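Quick notes on the structure that follows.
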Amino acid sequence: MEHATTETTKRNSVFWGTEIKEIAGGEPPKILWNKDEYYRLADLGFFNGKRVELIEGEIFVKYNYTEFDEGEYEMSAMSSLHFSGVNVAAEVMREVFKKKYFVSVQCPIDLGESSEPEPDVTIIEGKARDFKNAIPKTAALIIEISDTSLSYDRGKKASLYARAKIEDYWIVNVKDKRLEVYRRPIKDETAFYGFGYGEIRIFTEDDEVSPLAAPAANIKVADILP
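Residues in the sequence shown are numbered from 258 upward in steps of one, following the working numbering.
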């Protein structure tokens, strides 16, 4: 394929992306996409029915992740364990958040020009009808179910959510039967996108945890494990 010219790498280019990012270590440049281009690719059928999400200009295919080199991932179809984990967590959260919030399952949130992740479970203030003209831009709580994606959820996802000022981020660590709770977003130059969490707590099956948005609720960790 021919190299992109200056003209073809402008924002309105669907084939070459909005930005060419130089990568340290002598690797070839990486082409990044913005949301307009991402939507256009979907309209053109580039994803062939696959579920995808846009993370800082990179397009990832969901659901299960296999890590090869540091920071490089391949994803495959959803496992029954992941399916169970998502729906178990959603059921619990619907019991906890009944009035001021609604529970969204694997739907996008708008985290800027180049990021539109689709968290497994998202707790959003308001009602679903409030967002018929625009997708949410923040969340009271985000939960990711990690059966094979733990390093990705701890790394890129955590840094992205911290940068977006998501105050409460949970990872259901399926393999170790634990809940990892990330709070207090802070700047962190060592993190993927320059932000991380200042408070990380690990809860075991016998523990209870309360969401920041529902401090009176005491949720047994065992109840949200698949």
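Glycine residues also receive a C-beta, built at the ideal position from the N, C-alpha and C atoms. In this text the structure is predicted, and so the values were computed from the model without any measurement.
Item, Value
"Alpha-carbon to alpha-carbon, A385 and V349", "18 Å"
"Segment limits, beta strand (DSSP E) that includes K444", "435-444"
"Which residues DSSP lists as bridging E310, in chain order", "F317"
"Assigned exposure category for R411 - 16 Cβ within 10 Å defines buried", "buried"
"7 Å Cβ shell around K444 - same chain, five flanking residues per side excluded", "G451, F452"
"Cα-Cα separation, D404 to D367", "25 Å"
"Closest Cα partner of K319 within the set E446, V378, A470, S406", "S406"
"Cutoff 7 Å; reference F354; Cβ partners in own chain excluding five residues on either side", "V360, I380, A471"
"Candidates G455, Y439, V429, S408, of which the one nearest E446 by Cα", "G455"
"Short CB-CB distance (under 7 Å) between E401 and chain D", "Within the model displayed, chain D is absent; a lone protein chain is all it includes."
"Given 8 Å, three or more beta-carbon pairs between the segment 411-424 and the segment 385-403", "yes"
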